[in-house]
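For the sequence shown, numbering that gives the first Met the number 0 assigns the number 0 to the initial residue and increments by one for each residue that follows. In what follows, a structure is listed as C-alpha cells, so that the remarks can point back to it.
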Amino acid sequence: MIPWTTFIDPEVARVGLNEQEAIDKGIDFEVTRYDFKELDRASAAKGFIKVITPKGKDKILGVTIVAEHAGDLMSDFVLAMKHGLGLNKILGTIRTYPTWAEGNKYVAGEWKRNHAPDTVLNWLEKYHTWRRG
C-alpha cells in the first residue's frame with residue numbers, strides 16, 4: 000500500500016491496482032467513479048476519484064484521484080486498504096462539511112447506490128405505499 004502523487008495541476012494520486020493491472024491479474028472487478036464537479040466545496044473544480052473493487056464487494060483494490068488536493072485525499076483510502084476496511088466504512092465516517100474529503104465519502108456512496116438491494120427496496124416501496132393508503 001504505497002501511494003504516490005504527482006504534483007502537477009491537477010494533482011494525480013494513486014494507490015493499489017489500476018484497471019489494466021486488475022485485468023492482467025485476472026481479477027473480476029468494477030469501477031466506481033465520482034466527479035468533483037458535484038461536490039459543494041469544489042463545484043468549479045475538475046477531477047475525479049476512481050475506486051476499483053472486486054465485483055459485488057466493497058474491498059478497495061485500488062484508487063486513482065485526479066484533482067486539487069489529490070495527495071491529501073488519498074490518506075483515507077490508504078488507511079482503509081492497510082486495515083482491510085471497505086467502502087462501507089468510508090461511507091460511515093463523518094467528515095467536516097464542506098470539505099474536499101467529502102468526495103471520498105461520496106464515491107463510497109456511489110458504490111453503495113450501485114449495490115442497493117432492488118428486491119428489498121421494491122418491497123419496501125409497496126409496503127409504504129400501502130400504509131399511506
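Note that beta-carbon positions come from the ideal geometry of N, C-alpha and C, so glycine has one too.
K125 and G132 have their C-alpha atoms some 11 Å from each other. Put simply, the backbone Cα of Y33 is about 18 Å away from that of L16. Counting only runs that start and end inside the stretch 61-92, the alpha helix (DSSP H) elements of at least 4 residues fall at 69-81, 86-90. By the Cβ test, the stretch 73-88 is not in contact with the stretch 22-30, since fewer than three Cβ pairs between them sit closer than 8 Å. For G15, DSSP records a beta bridge to G61.
Taken through DSSP and simplified to helix, strand or coil, W99 comes out as coil.
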